[in-house]
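For reference, the structure discussed in these notes is given below.
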Amino acid sequence: MTESVSAPDTSGIRSTDGDLIIMGPPGVGKGTQAKALAQENGWVQLSTGEVFRDHIRRQTDLGSRVKGYLERGEYVPDDVTIRMVRAKLEDISPSTRVLFDGFPRTVAQAEALDRLSDEMGRQVGAVLLLDAPREALLARLNGRATAEHRADDTPEIIANRLEVYEEQTRPVISYYEDRGLVKRVSAVGSVPEITARLREAAE
Ligand code: ADP
Numbered sequence: 104m105t106e107s108v109s110a111p112d113t114s115g116i117r118s119t120d121g122d123l124i125i126m127g128p129p130g131v132g133k134g135t136q137a138k139a140l141a142q143e144n145g146w147v148q149l150s151t152g153e154v155f156r157d158h159i160r161r162q163t164d165l166g167s168r169v170k171g172y173l174e175r176g177e178y179v180p181d182d183v184t185i186r187m188v189r190a191k192l193e194d195i196s197p198s199t200r201v202l203f204d205g206f207p208r209t210v211a212q213a214e215a216l217d218r219l220s221d222e223m224g225r226q227v228g229a230v231l232l233l234d235a236p237r238e239a240l241l242a243r244l245n246g247r248a249t250a251e252h253r254a255d256d257t258p259e260i261i262a263n264r265l266e267v268y269e270e271q272t273r274p275v276i277s278y279y280e281d282r283g284l285v286k287r288v289s290a291v292g293s294v295p296e297i298t299a300r301l302r303e304a305a306e
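Printed below as a string of structure tokens:
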């Protein structure tokens with residue numbers, strides 16, 4: 104895995120197609136799809152939620168800082184999230200395509216990603232936006248609560264996460280729409296059907 108050891112090349116070389124961001128409300132299946140796409144294409148998936156959960160499991164300092172936020176279904180403060188993403192990106196060559204999953208979730212994070220990308224010779228190439236009706240999201244989130252025992256999947260927390268998404272993350276979609284980067288993909292259908300739609304949108 105050369106991308107995890109090589110230092111970022113800031114000499115102005117950018118990856119040809121740019122990085123990808125996968126977005127969509129909680130329960131839309133972002134994580135599953137991001138994993139499939141990254142694996143089949145050799146991209147690096149950077150899932151901020153997964154990284155935070157991993158720190159919590161390993162009981163690191165970062166883990167203890169973010170645990171409460173995840174349990175309440177609230178966003179981790181931007182400065183903490185941005186610092187973590189910066190550290191991750193520092194280990195990835197700019198020629199390796201990154202698929203951001205769960206980041207950026209606020210306009211401040213999107214602005215920070217632009218600054219980081221400039222600094223590191225990267226750029227955002229496209230935003231894949233997964234869309235599904237609210238009933239489908241609720242059904243999936245409630246199902247996952249039982250299957251995975253995630254602390255942030257109780258009914259109250261689920262409702263809170265959907266609300267936080269509407270308030271904080273909708274504006275991020277507009278931020279990228281203004282730059283013509285957003286590609287909408289329906290998240291209704293089977294997992295492979297949705298992967299195929301995303302594959303096409305990412306080309
Ligand atoms: P989902 O896609 O189901 O919303 P994630 O795994 O992406 O779940 O995120 C789980 C939790 O991790 C969020 O509810 C939030 O507390 C925290 N988190 C993940 N990414 C971010 C981010 N970019 N900014 C702030 N908090 C985040």
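If you count the sequence shown from 1, you need to add 103 to reach the numbering used here.
Glycine is no exception: its CB is placed at the ideal position from the N, C-alpha and C atoms.
Sequence-distant residues of the same chain with beta carbon closer than 7 Å to residue i, five excluded per side
| i | result |
| --- | --- |
| residue 155 | 169, 173, 179 |
| residue 276 | 126, 232, 285 |
| residue 256 | 244, 247, 248 |
| residue 185 | 212, 215 |
Rounded straight-line distance, which links the Cα of residue j to that of residue i
| i | j | result |
| --- | --- | --- |
| residue 221 | residue 187 | 17 Å |
| residue 302 | residue 128 | 19 Å |
| residue 197 | residue 145 | 14 Å |
| residue 205 | residue 133 | 8 Å |
| residue 299 | residue 281 | 26 Å |
| residue 261 | residue 244 | 7 Å |
| residue 273 | residue 164 | 30 Å |
| residue 283 | residue 195 | 26 Å |
| residue 122 | residue 143 | 16 Å |
| residue 236 | residue 217 | 30 Å |
| residue 207 | residue 268 | 12 Å |
| residue 150 | residue 157 | 11 Å |
| residue 140 | residue 199 | 14 Å |
| residue 296 | residue 189 | 33 Å |
| residue 250 | residue 219 | 37 Å |
| residue 238 | residue 306 | 30 Å |
| residue 293 | residue 135 | 12 Å |
| residue 160 | residue 166 | 7 Å |
For residue i, three-class secondary structure by DSSP
| i | result |
| --- | --- |
| residue 206 | coil |
| residue 271 | helix |
| residue 125 | strand |
| residue 182 | helix |
| residue 282 | coil |
Check: residue i C-beta below 8 Å from any heavy atom of the ligand ADP
| i | result |
| --- | --- |
| residue 207 | yes |
| residue 257 | no |
| residue 279 | no |
| residue 177 | yes |
| residue 214 | no |
| residue 157 | no |
| residue 306 | no |
| residue 249 | no |
| residue 193 | no |
| residue 129 | yes |
| residue 167 | no |
Proximity below 9 Å, CB of residue i to CB of residue j
| i | j | result |
| --- | --- | --- |
| residue 232 | residue 126 | yes |
| residue 240 | residue 130 | yes |
| residue 120 | residue 228 | yes |
| residue 215 | residue 279 | no |
| residue 209 | residue 162 | no |
| residue 264 | residue 171 | no |
Own chain, CB closer than 6 Å to residue i, minus 5 neighbours either side, in chain order
| i | result |
| --- | --- |
| residue 304 | 231, 286, 288 |
| residue 291 | 235 |
| residue 152 | 205 |
Residues of its chain near residue i, where Cβ-Cβ distance is below 8 Å and the 5 sequence neighbours each way are ignored
| i | result |
| --- | --- |
| residue 114 | For residue 114, the predicted model reports a pLDDT of 43, less than 50, meaning its position is unreliable; a value from the coordinates is still stated below. Closer than 8 Å at the Cβ level, and outside the excluded window around residue 114, lie 224. |
| residue 181 | 209, 211, 212, 215 |
| residue 147 | 106, 141, 195, 199, 200, 201, 202 |
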